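Below is one structure, written out as structure tokens, with a few remarks after it.
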Amino acid sequence: MRMCPDVISTVELPSGSVNTDGHGYITDQHKWTKDFAEYTAAKEGITLTPAHYEVIDYIRESEEDHGVMPDVRHVLKWISKRDGVNKSGAKEVLYGLFPYGYVKQTIKIAGMKQPRAWSTG
-4 MRMCPDVIST VELPSGSVNT DGHGYITDQH KWTKDFAEYT AAKEGITLTP AHYEVIDYIR
56 ESEEDHGVMP DVRHVLKWIS KRDGVNKSGA KEVLYGLFPY GYVKQTIKIA GMKQPRAWST
116 G
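If you use my numbering, the sequence shown corresponds to residues -4 to 116, in order.
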């Protein structure tokens, strides 16, 4: 569950302004741009590479196709198939790119809204 009230901030980017909540998640995922991804990744200490964007693109396309942000297990399954690795290997890939986790970094950078509740898995 969210632990702090929604405090909305405006972030000015070269591609336009976006609003974020108190944790830095975008409030309107349709306003996501690569500028937002780069800005958010930099705040998280990550320099985005094509490998990061493959995961981000998968998440965004999956959300667009299904209307729901994919759970981490779906992303791990996709990485497993893509890279020919088992679940443990897929976790290594994902957490090698986004070391502080799926909710904390991956979906935030991908422009998904912060989940109201989530598991730590």
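The beta-carbon is built from N, C-alpha and C at its ideal position, and this holds for glycine as well. These numbers come from a predicted model, not from an experiment.
Rounded separation between residue i and residue j - CA only
i: T22; j: L43; result: 21 angstroms
i: I51; j: I102; result: 8 angstroms
i: L8; j: D78; result: 34 angstroms
i: E58; j: D1; result: 23 angstroms
i: Y48; j: P110; result: 21 angstroms
i: K76; j: F93; result: 19 angstroms
i: Y20; j: R68; result: 21 angstroms
i: D66; j: I74; result: 13 angstroms
Residue i (DSSP reduced to helix, strand or coil)
i: G19; result: coil
i: G11; result: strand
i: V6; result: strand
i: Y48; result: helix
i: I41; result: coil
i: F31; result: helix
i: A105; result: coil
i: D78; result: helix
i: G68; result: The displayed chain sequence assigns Arg, not Gly, to residue 68. Note: R68 maps to helix in three-state DSSP.
i: V63; result: coil
Residue environment, residue i, which counts as buried when at least 16 other CB atoms sit within 10 Å
i: A37; result: exposed
i: T35; result: buried
i: I104; result: buried
i: T15; result: buried
i: H25; result: exposed
i: A32; result: buried
i: I3; result: exposed
i: G62; result: exposed
i: P45; result: exposed
i: G91; result: exposed
i: G11; result: exposed
Supposed contact pair residue j and residue i - C-beta distance, whole angstroms, cut 8 angstroms
i: E39; j: Y95; result: 7 angstroms
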